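Numbering (the numbering used here), first residue to last: 106 to 460.
Think of the CB as a built atom: it goes at the ideal place given N, C-alpha and C, for glycine as much as any other residue.
No experiment lies behind these values; they were computed from the predicted model shown.
Working notes, structure below.
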């Protein structure tokens, strides 16, 4: 098949989406597909050939990328693009997608997981991987997702939604409970998340998160073990336990750096069969309530009493060979290359059903 793997983009998760996209592209090419990597924001700005011939370029436009310790400087990325202007789509992005048999969405965060690119591809009649526009948009907005979670009977920490300005911060510092978790409604990769234990930390968090978005959710801080639950093809895979470096939380650095700075990811998780069933069924119920397709990954806290608390869902979770869903797929006997191809095949069937 001719497959465009879209990655990169212009969200705070750009670095992760570059590595996901190039990794998936390599895997699909290894299976014989004519896969090419396209940065959604930069597009094919360094390619002047015929678009049909692009699928035959020897390297598939795969460059060397890595996840840095810091989130990307998006203003620097914008300044580096040859095609200046307000569009978040680079040169010939939609045109090359229209020539593909399928578009693999290796994107994360804004423009990728929020339903926008899915809606554009739907209007063009181009098949793509994962969930459709509306389920993606609902899952991306943490406040909307929380409401769906509650309506589906999935246990989640007590929470409230806030819209605030800098002027509101002194009042909120006095009114909000601490400790708590404060999250930007559309954040990802632990960017735009704070876990304040004191009012001083809460004040600093509210000032810091205001640069990302004026809407946040404030959530009860549940103490326990961090787990994530993949869903694939209508079933739950093995849960994964995440153990951040001692004295830290599962932040951007812990998620994506190896060695002492990175988190330990244990798959299968060290939980009982009953706890696995509880978490797996909750994640599957949430996945279905949102109307998600093919795959997703929901995050949980398992408290000391064995109760699983669902935090959020990722509709386009990381897909590098060492990402969490590929780890769970390996436990189920599926290689990384097979997983990438199955996501394409299942997604093509899903798109046919919705025509």
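Collapsed DSSP secondary structure at residue i in the structure displayed
i, result
"residue 267", "strand"
"residue 218", "coil"
"residue 175", "coil"
"residue 60", "In the structure displayed, the chain extends from 106 to 460; residue 60 sits before or after that span and is not available."
"residue 407", "strand"
"residue 505", "For residue 505 there is no data in the structure shown, the boundaries of the chain being 106 and 460."
"residue 441", "helix"
"residue 320", "strand"
"residue 202", "helix"
"residue 447", "helix"
"residue 345", "strand"
"residue 382", "helix"
"residue 307", "helix"
"residue 230", "coil"
"residue 244", "helix"
Cβ separation of residue i and residue j, assumed to be a contact under 8 Å, to the nearest whole Å
i, j, result
"residue 334", "residue 388", "4 Å"
"residue 182", "residue 267", "Not a contact, Cβ separation roughly 30 Å."
"residue 210", "residue 111", "6 Å"
"residue 165", "residue 207", "The Cβ separation is near 15 Å, so there is no contact."
"residue 188", "residue 225", "With 8 Å as the limit, residue 188 and residue 225 do not qualify as a contact, their Cβ atoms being about 17 Å apart."
"residue 237", "residue 459", "7 Å"
According to DSSP, residues forming a beta bridge with residue i
i, result
"residue 335", "402"
"residue 210", "111"
"residue 330", "407"
"residue 298", "288"
"residue 225", "Answer is none; residue 225 lacks a bridge partner."
"residue 141", "109"
Closer than 7 Å to chain B by CB, residue i
i, result
"residue 152", "In the structure shown, chain B does not exist; there is a single protein chain."
Distance CB(residue i)-CB(residue j) smaller than 7 Å
i, j, result
"residue 296", "residue 117", "yes"
"residue 331", "residue 347", "yes"
"residue 318", "residue 278", "no"
"residue 369", "residue 413", "no"
"residue 212", "residue 122", "yes"
"residue 205", "residue 107", "yes"
"residue 244", "residue 418", "yes"
"residue 142", "residue 154", "no"
Between the CA atoms of residue j and residue i - distance to the nearest angstrom
i, j, result
"residue 409", "residue 328", "8 Å"
"residue 443", "residue 138", "12 Å"
"residue 157", "residue 427", "32 Å"
"residue 215", "residue 311", "21 Å"
"residue 261", "residue 270", "27 Å"
"residue 228", "residue 302", "46 Å"
"residue 518", "residue 259", "Any answer about residue 518 is impossible in this case: the structure gives the chain only from 106 up to 460."
"residue 452", "residue 242", "18 Å"
"residue 68", "residue 124", "An answer regarding residue 68 cannot be provided, because it is not within the stretch 106 to 460 covered by the chain."
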